[in-house]
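Take a look at the structure below.
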Amino acid sequence: MLDSTTKPTGAPLLAVDDVTLQYKTDQHLVTATWRVGFEVYEGERFVVLGPSGCGKSTLLKAVAGFMAPVEGQIRLNGKPIDRPGSDRMMVFQEFDQLLPWKTVLGNVMFPLLVNRRMPRAEATEHARSLLAKVNLSRFENIYPHMLSGGMKQRVAIARALAMEPAVLLMDEPFAALDALTRRKMQEELKALWDDVGFTVLFVTHSIEEALLVGSRILVLSPHPGRVKAELNADHLGFSDIGTPAFETLHRRIHDLLFADRVETALATEIQHG
Amino acid sequence: MVDIAQRAARPEPPRRPERMIELETMGAVGDAARPLSVPERLLQITGVRRMIVVAVLCIAWQLYAMYLNNSLLFPTLGETLEALYDSVVRGPLIERMMVSLQTLLIGYAAGLTIAGVFTTLAVSTRVGTDFLSTLTAMFNPLPAIALLPLALLWFGLGAKSLVFVIIHSVLWAVALNTHSGFTSVSPTLRMAGQNCGLRGVSYVAFLLVPAAFPSILTGLKIGWAFAWRTLIAAELVFGVSSRSGGLGWFIFENRNQLEIPTVFAGLFTVILIGLVVESVIFRSIENVTIRRWGMQS
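Residue numbers (my numbering), protein chains in the order written: chain A, 1 to 273; chain B, 1001 to 1297.
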């Protein structure tokens, strides 16, 4: 057994080994991902990028422990994941992830108290400090239904970070926000990462978001999800939007994602031409 | 040709200069809101509007009864209130009311407990779900009062039989609503709860129950109304041979003595208790829970 202190540098925090995920609908057995493998190291902002239908959300649910792989294994610090747990706090896309019967502060304190992480007074202090980090101190006694979408997501992020999870899971957290709020949230997330320094596994379908948020990008192909590429984006930030380096990588990922479509389009053209 | 004609007829928007405005130069923004007048503010309060409806009904009652002038069939509001005062001060109305409420509370509490056990079983196992849905489908349409003859046979005359039929009237309504509330909790909220570390009993108590609270409260209200009706009806049926009857017995007794204003006073009390429970007790529960949480507007 290796714990985090004696763990040799170079061992991944999260290891996803050739994981195949399937789920059942009423009529079909759907294969969401096919032998997807990757490793996430401590302090990384790891982005899983792909079009809808590439199983990226299903993959995140498996890491969170909501479903078991049909094939392969997911390990956190060497231990296989078999159930949901607060060492992998998740921020969902939907705004209804907050408990409507708890105030903003109550929501952030909730997992701390459920897991008996610390006494109530200490939990209150800890929750307050996190709310300050996401600029919501003024709203701590308000119920979630009075918050805007962006504020709800910031509460969810604060709640997740309060648990100091080994890895923070984010399932398209900004996808339901308007474009202006989304950009602001991306910047805030990056600033928060600079400040707190957590490990995050981030799922998105936006190339731009992947480039802005991620330090490493896993590109998946759809039906079923398979790994297409794993790229570095650590050198890119908000100030690089519009620069050649940014546009080149954007173009490269775009071509990776749409290669199949271009090929089929070419094939049809050749046939008809 | 037609295309070109249409294109020529299409109005060309004028090219206009751009506008840049410094917000500071605009001066103070005018006050766009005005306070409401006193009558307007009073009409905003639901209670006030309902009182007006009640007042109109009372006046109509009084006028019609005076026109009919037959206190044996339809006493006036005044006579009814007089009889009510009489029965409260000198008569047994308060005592009768207490007997009814006590029986009701015992039956209600027992019904809720059994419903809690049933629904917890139903959410934790699939057999439990099938068991509960089959039982509710069978017994929910069966009026509780129809079980009274059997209950009298099994438990004899007295409070036990009443409690039995009240349990039957509460149980299925509450269990049905609670269970459907549990099943309609959003998948995201469920996952968020499990993600926060909730499992087993704590998952039911700290996530499912509060998340399903609007449905649970509806079940409690329906259960209460069923129980109250069933109780009064049951007392009317067998209060005849019991000395310490409740409100139903009070009504029956006075009808036999042709004290019609007192019968009206009894009915009035039944309505009044129903109103208080509905619009005071349940409403305040709603105000501090689902309204504050934004789960109901």
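Don't be surprised by glycine CBs; every beta carbon is placed ideally from N, CA and C.
Practice item. Measure the Cβ-Cβ separation of B:G1248 and B:A1265 and say whether it is below 8 Å. Key: no
Check your understanding: For a contact meaning CB atoms closer than 7 Å, what does B:C1196 contact in chain A?
Key -> S86, F110, P111 and V114
Exercise for review: Quick one: using the 10 Å Cβ neighbour count with 16 as the cut-off for buried, is B:R1283 buried or exposed?
Suggested key: exposed
Point to revise | chain B contact for A:F174 (CB, 8 Å cutoff) | key: no
Review point. How far does the alpha helix (DSSP H) with B:V1053 in it reach, from first residue to last?
Key: T1046 to L1068
Check your understanding: Closest Cβ-Cβ distance between B:L1176 and chain A: below 8 Å?
Key -> no
Check your understanding: Nearest-angstrom Cα distance between A:E164 and A:R216?
Key -> 22 Å
Exercise for review: Below 7 Å CB to CB, which residues in the same chain sit around B:T1230 once its five sequence neighbours on both sides are set aside?
Suggested key: A1144, I1145, V1165, I1166 and S1169
Review point. Nearest to A:S275 by alpha carbon, out of A:V196, A:P173 and A:D240?
Key: In this structure chain A extends from 1 to 273, so residue 275 of chain A is not present and cannot be described.
Review point. Can you tell me whether DSSP reads B:W1293 as helix, strand or coil?
Key: coil
Review point. Should B:A982 go down as buried or exposed, given a rule of 16 or more other Cβ atoms within 10 Å for buried?
Key: Within the shown structure, residues of chain B are numbered from 1001 to 1297, placing residue 982 of chain B beyond reach of any answer.
Review point. Could one say the Cβ of B:P1210 lies closer than 8 Å to chain A's Cβ atoms, at least one of them?
Key: yes
**Study point:** Minimum length 4: unbroken alpha helix (DSSP H) runs contained in the segment 203 to 241 of chain A
**Key:** 207 to 213
Check your understanding: Should B:T1134 be labelled buried (16 or more other beta-carbon atoms within 10 Å of its own) or exposed?
Key -> exposed
Exercise for review: Helix, strand or coil for A:K24, going by three-state DSSP, please let me know.
Suggested key: strand
Point to revise | Cutoff 8 Å: A:W101 Cβ touching any chain B Cβ | key: yes
Practice item. For B:Q1257, name the three-state secondary structure that DSSP assigns. Key: coil
Review point. When the cut-off is 8 Å and only beta carbons count, does A:E94 lie next to chain B?
Key: yes
Review point. Assuming A:Q73 contacts A:P84 under a Cβ cut-off of 8 Å, what Cβ separation, rounded to an integer in Å, is found between them?
Key: Their Cβ separation, rounded to whole angstroms, is 17 Å, which puts A:Q73 and A:P84 out of contact at 8 Å.
Review point. So who's on the other strand from A:K79, going by DSSP bridges?
Key: A:L76
Review point. Which one or two residues does DSSP pair with A:L29 in a beta bridge?
Key: A:K24
Check your understanding: Under the DSSP definition of a beta bridge, which residues are partnered with A:D17?
Key -> A:Q73
Check your understanding: So, helix, strand or coil for A:F66, using DSSP?
Key -> coil
Practice item. Would you check if there are 3 or more beta carbon pairs closer than 8 Å linking the segment 89 to 96 of chain A to the segment 249 to 258 of chain A? Key: no
Point to revise | chain A contact for B:A1192 (CB, 8 Å cutoff) | key: yes
Point to revise | Local conformation of A:W101 per DSSP, three classes | key: coil
Check your understanding: Which of helix, strand or coil does DSSP assign to A:E39?
Key -> strand
Point to revise | Minimum C-alpha distance to A:R154 - residue among A:G65, A:N107, A:P111 and A:G43 | key: A:N107
Review point. Tell me which same chain residues have a C-beta within less than 6 Å of the C-beta of B:I1281, skipping the five on either side of it?
Key: none
Practice item. Starting from B:R1019, follow the beta strand (DSSP E) in both directions and report where the run begins and ends. Key: Segment: none, B:R1019 is in no beta strand (DSSP E) and carries neither H nor E.
Review point. How many Å lie between A:P173 and B:M1138 at the Cα?
Key: 45 Å
Review point. What did DSSP end up calling A:F110 once you bin it into helix, strand or coil?
Key: helix
**Study point:** chain B contacts from the segment 155 to 167 of chain A (Cβ-Cβ distance under 7 Å)
**Key:** none
Practice item. Closer than 7 Å by beta-carbon distance: list the chain B residues that pair up with A:A64, in chain order. Key: N1195
Check your understanding: In whole angstroms, what is the alpha-carbon distance linking A:L76 and A:E44?
Key -> 14 Å
Check your understanding: Which residues in chain B sit within 9 Å of A:Y143, going by Cβ to Cβ distance?
Key -> R1292, W1293 and G1294
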